[in-house]
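Numbering (our numbering), first residue to last: 1285 to 1333. Inspection log for the structure reproduced underneath, given as structure tokens.
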Amino acid sequence: FYPLHLNLIRHGRAVCKARKPRCDECVLRDLCRYPAASGGREGTPPGGV
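Written out as structure tokens, the structure is:
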């Protein structure tokens, strides 16, 4: 599971930025709660993810 762990960290650093996430580039968008919780806004959604 270690390679998966490392790849999730890399993905988070490259795509899932805290201040300006790149949801349109994300391969995990269908699994992520952020786009729905944020209403398409940038930044952290209420209650976090």
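Don't be surprised by glycine CBs; every beta carbon is placed ideally from N, CA and C.
Which whole-angstrom value is the C-beta distance of Cys-1307 and Pro-1319, which I expect to be below 8 angstroms? Taking the first residue of the sequence shown as 1, we reach residue 1307 at position 23. Taking the first residue of the sequence shown as 1, we reach residue 1319 at position 35. So it is a contact: roughly 5 angstroms between Cβ atoms.
Under a Cβ-count criterion, where at least 16 other Cβ atoms within 10 Å of its own Cβ denotes burial, should Pro-1287 be classed as buried or exposed? As a working note, residue 1287 is residue 3 in the sequence shown. Exposed is the label assigned to Pro-1287, since fewer than 16 other Cβ atoms lie within 10 Å of its Cβ.
Going along the chain, which residues of its own chain have a beta-carbon closer than 7 angstroms to the beta-carbon of Cys-1316, five neighbours each way excluded? Start at 1 with the first residue of the sequence shown, and residue 1316 comes out as number 32. Excluding residues up to 5 positions away in sequence, Cys-1310 lie with their Cβ nearer than 7 angstroms to the Cβ of Cys-1316 in the same chain.
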